[in-house]
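Position one of the sequence shown corresponds to residue 56 (the numbering used here), numbered consecutively onward.
The beta carbon of each residue, even a glycine, is placed where N, CA and C say it ideally should be.
Note that the structure is predicted; figures quoted are calculated from it, not measured.
In what follows, a single structure is set out as structure tokens and then discussed.
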Amino acid sequence: MKQASVIELAHDVLIPQLNRERDAQIVFDAWAKGDHVKAYKPREASTEYEGLREKAITPLIGLVIRILAQSIEMRDYIPGIESTKDDLMDVWRRNAMGMRQKRLYRAVFRGGVAYSTLLPGDPVPVSKIYSAKNALAVYQDPEADHWPEFGIIRETASNKKSHFLVIDGDAVYRIEGGHDGEDLKYIEEQAHDVGLPPIVRFTGEMDDEGSAEGEVERLIPIQGSIDQAKFDLLMTQTFASWKIRVLTGMQKPGTQEEAQQQKLVLERDRLLILEGEQSKAFTLDGTDLEGYIKAGTASKQDLASVAQIAQKAIVGSQSNTSDGAEAQAAEEWSTQRKIKDYEESFAASWGQWFRLAGLEQGIANAWDDYAGVCDWRDSTIRSMSQMADALGKIASQLGVPKQELWDLIPDISPDQVRRWKEVLANDPYRQMLEGLGDDDPFADG
């Protein structure tokens, strides 16, 4: 692409879209971190009110994002062509994607979309992760197309300048300008010769027009209600929850000494004597806080329902009051369905990522392999005794080979399973029985 065309594309199309997306993402980031619009306060508010507004912030949206990120982890990738696996996983490991994948998911949960670039490198292609605040990919058909026509990435160069990386199917073009894209200047071009923009998009819930929504946007109104309920509770608790003692019909003290003497009379451990015939003593009860507490709980329940997160994690108590793993699993069943939707979306993106890695690394047949499968960590709540019983019945009653069930054991990594199989294959007793003609010496054991 010619230099003038790069500047024109960036100035007229890519940067304006990137700026609009950035503005929205900044709002989502603020709500996810709890640095958002505070609860309403009265016009004539003191500094004490402002302090209570700060304490009223309850960043539950951030909690929702952490729960989801902690529940989704790709443990392994099984390509359709088994011979390509070691080389593909080498690209994954050298880029530390086992650790970095969570950052990618959190960006999706915040803003609905995130990107991973994979540019040719030595000894393996180099992957970088970007949220939608600093990256944008443009598709001819955003819903159906796997690969974009163009992409742009913003990198801060100084307090006043940013570098914009425009990416097409041939090269990465670096240009410099103001943070909003003013006064653009062409810097350099780095060819990648992949044949398509090496950008993989990860999305949350996408509609039929290719628009993706994260977790934050839909929860903003409910989070505002939670903060307001907490502020109202703190206001009432601070200023109106105390019993007020009232004395009527008593003469106002004339001197400071008389006032001090009367104050001593009113202390808790002294007997109060009212001398005047018209004198009366009584108390005004403080405002009952139960209604404010229930209002806050109701808003939290709404957030848990809309976010499809177990009520116990948001409210502090589960809706199903039964004990045990089965009760907790039932409580989190809605969350597991949501996690499954995310895993299906992310699996498609990881399939693209590995195919692209194979293309750039020159791994034979990897680019044409659409049969790859992601192995996700099982985040469902089950007791070990339940799992052992279930897997045992599957092996004994359905005839499934026991070794094939090892991958289903919770929290056991694929590497651990491979080690088990190696140990079993090298077991001298097994080798002896096989030498005697027993094809499956452990079929009944």
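ask   = Going by the CB atoms, is the gap between residue 186 and residue 172 shorter than 8 angstroms?
value = Position 117 of the sequence shown holds residue 172. Position 131 of the sequence shown holds residue 186. No Cβ-Cβ contact shorter than 8 angstroms links residue 172 with residue 186.
inquiry  = According to DSSP, simplified to helix, strand and coil, what is residue 255?
reply    = Against the sequence shown, residue 255 aligns to sequence position 200. Residue 255: strand per DSSP, three-state reduction.
ask   = Among 391, 280 and 140, which residue has its Cα nearest to the Cα of residue 112?
value = Working through the sequence shown from its first residue, we reach residue 112 at position 57. Closest by alpha carbon: 280.
request  = Indicate the three-state DSSP secondary structure (helix, strand or coil) for residue 310 in the structure shown.
outcome  = Within the sequence shown, the letter at position 255 stands for residue 310. In the structure shown, residue 310 sits in coil (DSSP, three-state: anything other than H, G, I, E or B).
request  = Helix, strand or coil for residue 206, going by three-state DSSP, please let me know.
outcome  = What you label residue 206 is simply residue 151 of the sequence shown in a count that begins at 1. Of the three classes helix, strand and coil, the one that applies to residue 206 here is strand, per DSSP.
key: At least 3 beta-carbon pairs within less than 8 angstroms: the segment 59-69 vs the segment 239-253   = yes
Residue range of the unbroken alpha helix (DSSP H) whose run includes residue 147 = Looking up residue 147 in the sequence shown gives position 92. Note, residue 147: alpha helix (DSSP H), 140-149.
query = Under a three-way DSSP split, which group does residue 431 fall into?
reply = Working through the sequence shown from its first residue, we reach residue 431 at position 376. Looking at residue 431 - three-state DSSP - the assignment turns out to be strand.
ask   = Anyone know if the C-beta pair for residue 180 and residue 427 falls short of 8 angstroms?
value = If you number the sequence shown from 1, residue 180 lands on position 125. If you number the sequence shown from 1, residue 427 lands on position 372. No. Outside cutoff.
ask   = Can you tell me the Cα-Cα spacing of residue 505 and residue 151, whole angstroms?
value = Within the shown structure, residues of the chain are numbered from 56 to 500, placing residue 505 beyond reach of any answer.
task = Would you list the one or two residues that DSSP bridges to residue 245?
result = The residue labelled residue 245 in the question sits at position 190 within the sequence shown. Paired residue(s): 227.
Alpha carbon of residue 191 to alpha carbon of residue 139, nearest angstrom = In the sequence shown, residue 191 corresponds to position 136, counting from 1. In the sequence shown, residue 139 corresponds to position 84, counting from 1. So the two alpha carbons sit approximately 31 angstroms from each other.
Exposure of residue 299, with buried meaning 16 or more beta-carbon neighbours within 10 Å = On the sequence shown, residue 299 is found 244 positions in, with the first residue counted as 1. Exposed is the call here.
task = Leaving aside the five residues before and after residue 500 along the sequence, list all residues of the same chain whose C-beta is less than 7 angstroms from its C-beta, in chain order.
result = Against the sequence shown, residue 500 aligns to sequence position 445. Bear in mind that a pLDDT of 46 at residue 500, under 50, signals an unreliable position, so the number given afterwards is only what the model happens to contain. Hits under 7 angstroms: none found.
ask   = Relative to the alpha-carbon of residue 124, which residue among 269, 86 and 297 has its alpha-carbon at the smallest distance?
value = Position 69 of the sequence shown, counted from the start, is the residue given in the question as residue 124. When each option's Cα is compared against that of residue 124, the closest is 269.
Coarse secondary structure for residue 445, derived from DSSP in three states = Numbered from 1 along the sequence shown, position 390 holds the residue referred to as residue 445. Helix, per DSSP.
message = Taking its Cβ as the centre, do 16 or more other Cβ atoms sit within 10 Å of residue 106, making it buried, or is it exposed?
response = On the sequence shown, residue 106 is found 51 positions in, with the first residue counted as 1. So residue 106 ends up on the exposed side.
query = Do residue 403 and residue 274 have their CB atoms nearer than 8 angstroms?
reply = In the sequence shown, residue 403 corresponds to position 348, counting from 1. In the sequence shown, residue 274 corresponds to position 219, counting from 1. The answer is no: Cβ separation not under 8 angstroms.
query = Would you report the Cα separation of residue 156 and residue 290, rounded to the nearest angstrom?
reply = For the purposes of this step, residue 156 is taken as residue 101 along the sequence shown, with counting starting at 1. For the purposes of this step, residue 290 is taken as residue 235 along the sequence shown, with counting starting at 1. Distance between the alpha carbons of residue 156 and residue 290 is about 42 angstroms.
task = Give the DSSP bridge partners of residue 337, in chain order.
result = Start at 1 with the first residue of the sequence shown, and residue 337 comes out as number 282. Partner(s): 301.
task = Output yes or no for whether 8 angstroms exceeds the beta carbon distance between residue 222 and residue 206.
result = Within the sequence shown, numbered from 1, the residue matching residue 222 stands at position 167. Within the sequence shown, numbered from 1, the residue matching residue 206 stands at position 151. Yes, they are a contact pair.
ask   = Between residue 341 and the rest of its own chain, which residues show a CB-CB distance below 8 angstroms, the 5 nearest in sequence each way excluded?
value = Mapped onto the sequence shown, residue 341 falls at position 286. Taken in chain order, the residues that qualify are 295, 296, 297, 298 and 299.
request  = Following the continuous beta strand (DSSP E) through residue 129, name the residue where it begins and the one where it ends.
outcome  = Translated into the one-based positions of the sequence shown, residue 129 becomes position 74. It spans 129-133 - the beta strand (DSSP E) in which residue 129 sits, taken as one unbroken run.
query = How many angstroms separate the CA atom of residue 468 from the CA atom of residue 119?
reply = In the sequence shown, the residue the question calls residue 468 occupies position 413. In the sequence shown, the residue the question calls residue 119 occupies position 64. When rounded, the distance between both Cα atoms is 26 angstroms.
Whole-number beta carbon distance between residue 93 and residue 282, since they are thought to touch under 8 angstroms = Position 227 of the sequence shown holds residue 282. Position 38 of the sequence shown holds residue 93. With a Cβ gap of about 7 angstroms, residue 282 and residue 93 count as contacting.
inquiry  = Using 8 angstroms as the threshold, is the C-beta distance between residue 80 and residue 166 below it?
reply    = Residue numbering aside, residue 80 sits at position 25 when the sequence shown is read from its first letter. Residue numbering aside, residue 166 sits at position 111 when the sequence shown is read from its first letter. Going by C-beta atoms, residue 80 is nearer than 8 angstroms to residue 166.
request  = Could you tell me if residue 478 is buried or exposed, where buried requires 16 or more neighbouring beta carbons within 10 angstroms of its beta carbon?
outcome  = Numbered from 1 along the sequence shown, position 423 holds the residue referred to as residue 478. Exposed.
message = Please state the DSSP three-state secondary structure of residue 198.
response = In the sequence shown, the residue the question calls residue 198 occupies position 143. In this structure, residue 198 counts as coil in the three-state DSSP scheme.
message = Considering just the uninterrupted stretch of the beta strand (DSSP E) at residue 222, what are its terminal residues?
response = Here residue 222 refers to the residue found at position 167 when the sequence shown is read from its first residue. Residue 222 -> beta strand (DSSP E) spans 216-222.
Alpha helix (DSSP H) segment containing residue 402, residue limits = Walking along the sequence shown from the start, residue 402 turns up at place 347. Start and end: 388-416.
task = Starting from residue 460, trace the alpha helix (DSSP H) both ways and give me its first and last residue.
result = Here residue 460 corresponds to residue number 405 of the sequence shown, with the count starting at 1. Segment: none, residue 460 is in no alpha helix (DSSP H) and carries neither H nor E.
key: Length of the line joining the Cα atoms of residue 228 and residue 216   = On the sequence shown, position 173 is the one that residue 228 refers to. On the sequence shown, position 161 is the one that residue 216 refers to. Between residue 228 and residue 216, the C-alpha separation is close to 16 angstroms.
ask   = Helix or strand or just coil, what does DSSP make of residue 119?
value = Indexing the sequence shown from 1 puts residue 119 at position 64. Here residue 119 sits in helix by DSSP.
request  = Note down, in chain order, each residue of its chain lying with its Cβ closer than 6 angstroms to the Cβ of residue 160, except the 5 sequence neighbours on either side.
outcome  = Here residue 160 corresponds to residue number 105 of the sequence shown, with the count starting at 1. Hits under 6 angstroms: 124 and 127.
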